[in-house]
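**Student:** If you scroll down you'll find the structure; I have some questions about it.
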DNA sequence: CATTCTGTATCAATTTTTGATACAATAAAT
DNA sequence: ATTTATTGTATCAAAAATTGATACAGAATG
């Protein structure tokens with residue numbers, strides 16, 4: 340993969356998980372972080388973070404609140420969130436993709452290769468997903484603290 | 340993945356495998372194909388194919404011969420070649436990559452995330468590799484013929 | 001009503017990938 | 001020997017994808 344979205348999304352989720360754990364009071368607000376704060380540690384632009392936030396929110400992994408004193412927080416316990424949840428939330432393109440150019444009708448292999456690659460792609464995503472599913476966010480933050 | 344190298348490499352290897360099986364005589368030449376021929380079915384430029392050929396050759400998956408009447412042929416039986424052999428031959432960048440920007444020294448998560456992503460990346464490649472290793476080139480050509 | 005967030009559109013900048021031309025190295029064929 | 005055809009590579013242009021940056025509407029607080 341050429342893009343850093345997943346790495347940044349994991350950073351965001353880890354920060355939110357730690358923030359959630361830090362919180363001792365029942366004060367919901369104390370676990371809120373905004374895109375500017377998150378952008379610092381990820382060393383990127385706040386809009387890049389907000390784009391990730393949108394995806395993570397749509398997938399139900401975080402809660403966002405707009406307006407003054409708004410921000411972002413985890414929607415679930417870190418033990419209930421896997422890396423696959425984060426990965427699929429981003430809706431990235433498959434790691435293995437086909438050549439979308441038209442096939443050479445004269446060549447049976449060229450005609451069949453599209454379907455072949457599709458099958459391989461599905462198998463690959465499944466294998467990757469299974470691994471990512473085994474990794475919980477709660478495991479990640481243990482190693483950091 | 341954004342690139343079509345793997346899809347094209349699988350096409351090339353499939354063509355060569357079928358070519359090898361077609362051959363009834365002991366004439367080694369009859370299984371040779373050149374980059375121009377392979378480029379037609381892949382609907383791309385011959386140089387793109389030659390770049391793939393180089394990688395596949397370096398990995399010992401095919402034999403190449405230069406000069407007039409030169410070309411390419413499989414170096415092993417299709418049953419002894421897996422999709423992982425093809426994948427690793429291309430030396431593509433990892434599907435999950437880290438953000439190579441410097442960490443925020445103030446933030447423990449930012450400092451630790453690099454190593455975290457590396458570990459995830461290794462696990463992902465391993466999972467993907469294991470799946471691809473289970474798929475043999477000989478299985479692919481069965482479905483086409 | 002001012003302030004400060006997210007959400008999103010838009011465009012520029014950067015990076016990656018692919019395509020194309022050219023040519024040296026090599027081997028066969030004539 | 002000379003011509004011809006092929007891989008291997010360098011180089012550059014073109015295209016595509018990703019990221020960065022500015023701007024602003026929508027929303028919630030104070």
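Residue numbers (our numbering), protein chains in the order written: chain A, 340 to 484; chain E, 340 to 484.
A virtual CB, placed ideally from N, CA and C, is assigned to each residue, including glycine.
Give the DSSP-derived three-state secondary structure of residue 437/E in the structure shown.
**Tutor:** Correct three-state label for residue 437/E: coil.
**Student:** Which class does residue 357/A belong to by DSSP, given the choice of helix, strand or coil?
**Tutor:** Correct three-state label for residue 357/A: helix.
**Student:** Which whole-angstrom value is the C-beta distance of residue 421/E and residue 472/E, which I expect to be below 8 Å?
**Tutor:** Sure, about 5 Å apart at Cβ, within 8 Å.
**Student:** Does DSSP put residue 410/E in a helix, a strand or coil?
**Tutor:** If DSSP states are grouped into helix, strand and coil, residue 410/E belongs with the strands.
**Student:** Just to make sure I have the definition right: I need the residues of chain E whose C-beta is within less than 7 Å of the C-beta of residue 422/A. Which are they?
**Tutor:** Result: 459.
**Student:** I need the boundaries of the alpha helix (DSSP H) containing residue 427/A, first residue and last residue.
**Tutor:** Unbroken alpha helix (DSSP H) run through residue 427/A: 422–428.
**Student:** Which of the three DSSP states is assigned to residue 465/A in this structure?
**Tutor:** Helix, per DSSP.
**Student:** From residue 347/E to residue 463/A, what distance separates their C-alpha atoms?
**Tutor:** Approximately 17 Å between the Cα atoms of the pair.
**Student:** Please decide whether residue 441/E counts as near chain A, where near means a Cβ-Cβ distance under 9 Å.
**Tutor:** Residue 441/E counts as touching chain A.
**Student:** For residue 353/E, is the classification buried or exposed, using 16 other Cβ atoms within 10 angstroms of its Cβ as the cut-off for buried?
**Tutor:** Buried, since its Cβ has 16 or more Cβ neighbours within 10 Å.
**Student:** Closest Cβ-Cβ distance between residue 484/E and chain A: below 9 Å?
**Tutor:** True, the Cβ-Cβ gap to chain A drops below 9 Å.
**Student:** Tell me the DSSP secondary structure of residue 455/A in three-state form.
**Tutor:** It is helical.
**Student:** Measuring from the CB of residue 354/A, is there a heavy atom of the ligand ZN at a distance below 8 Å?
**Tutor:** What this structure holds is no ligand at all, so the ligand ZN is not there to describe.
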